[in-house]
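A.B. asks: Right, I'll just put the structure down here and ask away after.
Protein chains in written order, with our numbering: chain A, 406 to 823; chain B, 23 to 185.
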């Protein structure tokens, strides 16, 4: 529908070379100014800290008796509990903002360990970071992260900001290094996040020991589900080897992935999950591989499906051997064994096919097929709707598709592959 | 110029047109657009972000540009400013192009990014959904609604689809 005109119109909006150069100079100036103001900020923090310290000395007795927070602070200075710095506020906290709390925290810890914030302490990384989350209120959390120094931990302050049409965006607002005893005192004043629902943050929560309670992604499946272990092993190897990113430019890259690893999941490093669900109700659960976000704007955890495997009695087989699932083509599971495969093949064509696993448990049977095709009639864009090749109305198209989309009554239990 | 500065200059020239267009669709004035573009690239520099691929980097610029503009539009003083977008469109954009661009920029905010990414950048609805953290069905609905609105507006202005 006039998309060439839309493109042509947009092309007129490109900035001219003079504008580009002017913006570039402004960016360079801004960066120079920020370097300078950072020094000013450090000096200001030092001055404020010194003034506070003098004031505290003046009324130390009263304050010590009256304020647990003050006692904690004083202990930190005298023993010392904190690092010499006060809580370090991050002026660029918004840069790590994301809808995914875990993503924000782990990105921050990566940067922290690269020394971007100074200091010699690093977050302990041994088969991942070890942390537990505590809640100050619904929009403020603190992550207590094990550090590389025995007896000390890193407390990371996280805050959720309102963001249009979402459940909010998480940002890091500061951090501090605490001795474990002080950290335990602090935890005592907070609420463990195990009591926060997953909907509040969109992430699985750490237990008291800091291990995520969604899963033990290293355990092999047992019982009937063990038939899928070799596939999960391939995905686990990919996850544990950072999606083979280090080999990306080498000839060995493609062959690093297991043969069952979905081709589309390889390109984007992400959390990977699996779930077992008996799609066709034959008593053998199918394996669903998924990846991506943890909730985001959705209240329910709903990762992006990448693959679906079944068991034909002898071997594990992909339910759709001819299809690659990812961004352009994907599938959803619905009640009554319905598998919806949807795709967009161009700006003007998209389709939805509904399948069921065949009665013999091998392959699939097409139940219904819907296509929407757009074209121009003269100057007017017109969309045509088809069901199994026969034209239907837009209303019929929508109604018929919706009739298949009956939400699963069972909840898929996603387990993170780690 | 050191290597880092060279790399940034290269990245800047690689994405500045796209970021500018996207910001312009939200902010509608040249001055605000330049501010937003500047802000996006400063964020890029400060973040020190490492990208897994060119596509990943491009997606980051799209999302950051979009969020930056929304942040600017949320500021209270801006909400009270009535902007005449016809004056803001570049002088080089005339006739039919001008009408089409005006119609696109008149779309509600939530549709504009989707229309731009779909038609101009060539992303599929599923990709846009992932990028904007919205369900694919929402993106499809946005596109459908945007198409209807464009058709209506352009139609009312008389024969905007011919050519």
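Quick reminder that beta carbons are idealized off the backbone N, C-alpha and C, glycines included.
Note that this is a predicted model, so its numbers are computed, not measured.
So, do the region 806-813 of chain A and the region 31-46 of chain B have three or more beta carbon pairs nearer to each other than 8 Å?
C.D. replies: Contact between the region 806-813 of chain A and the region 31-46 of chain B is absent, because fewer than three Cβ pairs lie under 8 Å.
A.B. asks: Determine the chain B residues that contact residue 805 of chain A at a beta-carbon separation under 7 Å, and present them in chain order.
C.D. replies: Mapped onto the first chain, residue 805 of chain A falls at position 400. Residues of chain B passing the Cβ test: none, with the nearest at roughly 16 Å.
A.B. asks: Within 10 Å of its beta-carbon, does residue 548 of chain A have 16 or more other beta-carbons around it, so buried, or fewer, so exposed?
C.D. replies: For the purposes of this step, residue 548 of chain A is taken as residue 143 along the first chain, with counting starting at 1. Per the 10 Å Cβ criterion, buried.
A.B. asks: Just to make sure I have the definition right: I need the residues of chain B whose C-beta is within less than 9 Å of the C-beta of residue 412 of chain A. Which are they?
C.D. replies: Sequence index remark: in the first chain, residue 412 of chain A carries index 7 (1-based). Going along chain B in sequence order, the residues near residue 412 of chain A (Cβ under 9 Å) are 141, 142.
A.B. asks: Do residue 769 of chain A and residue 748 of chain A have their C-beta atoms within less than 7 Å of each other?
C.D. replies: Position 364 of the first chain holds residue 769 of chain A. Position 343 of the first chain holds residue 748 of chain A. The answer is no: Cβ separation not under 7 Å.
A.B. asks: Pull the bridge partners of residue 563 of chain A from the DSSP assignment, please.
C.D. replies: Along the first chain, read from residue 1 onward, the residue named residue 563 of chain A stands at position 158. Beta-bridge pairing links residue 563 of chain A to A:546, A:577.
A.B. asks: Taking the runs of the beta strand (DSSP E) that are 3 residues or longer, which of them lie wholly in the region 634-693 of chain A?
C.D. replies: Complete beta strand (DSSP E) runs here, min 3: 677-682.
A.B. asks: Output the residue ranges of the alpha helix (DSSP H) runs that lie fully inside the region 117-171 of chain B and measure 4 residues or longer, sorted by chain position.
C.D. replies: Within the region 117-171 of chain B, the complete alpha helix (DSSP H) runs of at least 4 residues are 117-127, 131-137, 147-154.
A.B. asks: Alpha carbon to alpha carbon, how far is residue 658 of chain A from residue 797 of chain A?
C.D. replies: For the purposes of this step, residue 658 of chain A is taken as residue 253 along the first chain, with counting starting at 1. For the purposes of this step, residue 797 of chain A is taken as residue 392 along the first chain, with counting starting at 1. Roughly 47 Å separates the two Cα atoms.
A.B. asks: Since residue 682 of chain A and residue 771 of chain A are thought to touch, with beta carbons under 8 Å apart, how far apart are those beta carbons, to the nearest angstrom?
C.D. replies: Locating residue 682 of chain A in the first chain gives position 277, counting from the first residue. Locating residue 771 of chain A in the first chain gives position 366, counting from the first residue. That pair is no contact at about 21 Å.
A.B. asks: Distance, Cα to Cα, residue 552 of chain A vs residue 525 of chain A?
C.D. replies: Taking the first residue of the first chain as 1, we reach residue 552 of chain A at position 147. Taking the first residue of the first chain as 1, we reach residue 525 of chain A at position 120. Going from the Cα of residue 552 of chain A to the Cα of residue 525 of chain A covers about 10 Å.
A.B. asks: Classify residue 46 of chain B: buried if its beta carbon has 16 or more other beta carbons within 10 angstroms, exposed otherwise.
C.D. replies: Here residue 46 of chain B refers to the residue found at position 24 when the second chain is read from its first residue. It is buried - the Cβ of residue 46 of chain B has at least 16 other Cβ atoms within 10 Å.
A.B. asks: Looking at the unbroken beta strand (DSSP E) that takes in residue 593 of chain A, where does it start and where does it end?
C.D. replies: In the first chain, residue 593 of chain A corresponds to position 188, counting from 1. That residue, residue 593 of chain A, is in no beta strand (DSSP E); its alpha helix (DSSP H) goes 585-593.
A.B. asks: Just by C-beta distance, which residues in the region 40-62 of chain B are closer than 7 Å to chain A?
C.D. replies: Of all residues in the region 40-62 of chain B, 42, 43, 46, 56, 59, 60 have a Cβ within less than 7 Å of some Cβ in chain A.
A.B. asks: Counting only runs that start and end within the region 704-739 of chain A, where is the beta strand (DSSP E) found for 3 or more residues in a row?
C.D. replies: Complete beta strand (DSSP E) runs here, min 3: 709-716, 721-723, 734-738.
A.B. asks: Identify which residue in B:57, B:137, B:128, B:126 has its Cα closest to the Cα of residue 94 of chain B.
C.D. replies: What you label residue 94 of chain B is simply residue 72 of the second chain in a count that begins at 1. When only C-alpha atoms are compared, the closest one is B:57.
A.B. asks: Do residue 539 of chain A and residue 597 of chain A count as a contact pair if the criterion is CB distance below 7 Å?
C.D. replies: Within the first chain, residue 597 of chain A is the residue found at index 192, counting from 1. Within the first chain, residue 539 of chain A is the residue found at index 134, counting from 1. Closer than 7 Å, so yes.
A.B. asks: So the candidates are B:139, B:155, B:31, B:50; which of them puts its Cα closest to the Cα of residue 165 of chain B?
C.D. replies: In the second chain, counting from the first residue as 1, residue 165 of chain B sits at position 143. Cα-wise, what sits closest to residue 165 of chain B is B:139.
A.B. asks: Taking just the CA atoms, how far does residue 741 of chain A sit from residue 367 of chain A?
C.D. replies: The structure shown does not extend to residue 367 of chain A, since chain A spans only 406 to 823, so no value can be given for it.
A.B. asks: If you compare alpha carbons, which of A:729, A:731, A:777, A:566 is closest to residue 542 of chain A?
C.D. replies: One-based indexing of the first chain puts residue 542 of chain A at position 137. Nearest option by C-alpha distance: A:566.
A.B. asks: Name, in chain order, the residues that DSSP records as bridge partners for residue 800 of chain A.
C.D. replies: Along the first chain, one-based indexing puts residue 800 of chain A at 395. Answer is none; residue 800 of chain A lacks a bridge partner.
A.B. asks: Beta-carbon of residue 85 of chain B versus every beta-carbon of chain A: anything under 7 Å?
C.D. replies: What you label residue 85 of chain B is simply residue 63 of the second chain in a count that begins at 1. Judged by the 7 Å Cβ criterion, residue 85 of chain B is not in contact with chain A.
A.B. asks: Report the rounded CA-to-CA distance for residue 695 of chain A versus residue 92 of chain B, giving the unit in angstroms.
C.D. replies: Numbered from 1 along the first chain, position 290 holds the residue referred to as residue 695 of chain A. Numbered from 1 along the second chain, position 70 holds the residue referred to as residue 92 of chain B. Each residue's alpha carbon lies about 31 Å from the other.
A.B. asks: Drop a sphere of 10 angstroms on the beta-carbon of residue 745 of chain A, count the other beta-carbons inside from all chains shown, and report buried for 16 or more, exposed for fewer.
C.D. replies: For this step, residue 745 of chain A is matched to residue 340 along the first chain. So residue 745 of chain A ends up on the buried side.
A.B. asks: Establish whether the CB of residue 167 of chain B and some CB of chain A are separated by less than 7 Å.
C.D. replies: Taking the first residue of the second chain as 1, we reach residue 167 of chain B at position 145. False, the Cβ-Cβ gap to chain A never drops below 7 Å.
A.B. asks: Quick check on DSSP: helix, strand or coil for residue 582 of chain A?
C.D. replies: What you label residue 582 of chain A is simply residue 177 of the first chain in a count that begins at 1. In the structure shown, residue 582 of chain A sits in a strand (DSSP, three-state: E or B).
A.B. asks: Step through the CB atoms of chain A and report whether any lies within less than 7 Å of the CB of residue 38 of chain B.
C.D. replies: To locate residue 38 of chain B, count along the second chain from 1; it is residue 16. Yes, contact with chain A.
A.B. asks: Can you tell me which of the three DSSP states residue 69 of chain B falls into?
C.D. replies: As a working mapping, residue 69 of chain B is identified with position 47 in the second chain. It is helical.
A.B. asks: Using a beta-carbon distance below 7 Å, is residue 34 of chain B in contact with chain A?
C.D. replies: As a first step, residue 34 of chain B must be located in the second chain, where it is residue number 12. Yes - at least one Cβ of chain A is within 7 Å of the one on residue 34 of chain B.
A.B. asks: Return no unless some Cβ of chain A is closer than 7 Å to the Cβ of residue 67 of chain B.
C.D. replies: The residue labelled residue 67 of chain B in the question sits at position 45 within the second chain. Yes, its Cβ sits closer than 7 Å to a Cβ of chain A.
A.B. asks: Within 10 angstroms of the Cβ of residue 149 of chain B, are there 16 or more other Cβ atoms? Answer buried if so, exposed if not.
C.D. replies: Here residue 149 of chain B corresponds to residue number 127 of the second chain, with the count starting at 1. Residue 149 of chain B is buried by the Cβ-count criterion.
A.B. asks: Using a Cβ-Cβ cutoff of less than 7 Å, which residues in the same chain neighbour residue 157 of chain B once the five nearest sequence positions on both sides are dropped?
C.D. replies: By one-based count along the second chain, residue 157 of chain B stands at place 135. Within the same chain, residue 157 of chain B has close Cβ partners 151.
A.B. asks: Can you give me the C-alpha to C-alpha distance between residue 616 of chain A and residue 578 of chain A, rounded to a whole angstrom?
C.D. replies: One-based indexing of the first chain puts residue 616 of chain A at position 211. One-based indexing of the first chain puts residue 578 of chain A at position 173. With a pLDDT of 32 at residue 616 of chain A, under the threshold of 50, the predicted position of this residue should be treated as unreliable, and no value is reported.
A.B. asks: Under 9 Å, CB to CB, which of the residues in the region 671-682 of chain A have a partner in chain B?
C.D. replies: Correct list: 672, 673, 674.
A.B. asks: Put residue 58 of chain B into one of helix, strand or coil per three-state DSSP.
C.D. replies: In the second chain, counting from the first residue as 1, residue 58 of chain B sits at position 36. If DSSP states are grouped into helix, strand and coil, residue 58 of chain B belongs with the helices.
A.B. asks: Using a Cβ-Cβ cut-off of 7 Å (strictly less than) and excluding sequence neighbours within five positions of residue 721 of chain A, which residues of its own chain qualify?
C.D. replies: Here residue 721 of chain A refers to the residue found at position 316 of the first chain. Cβ neighbours of residue 721 of chain A beyond the five flanking positions: 632, 633, 636, 714.
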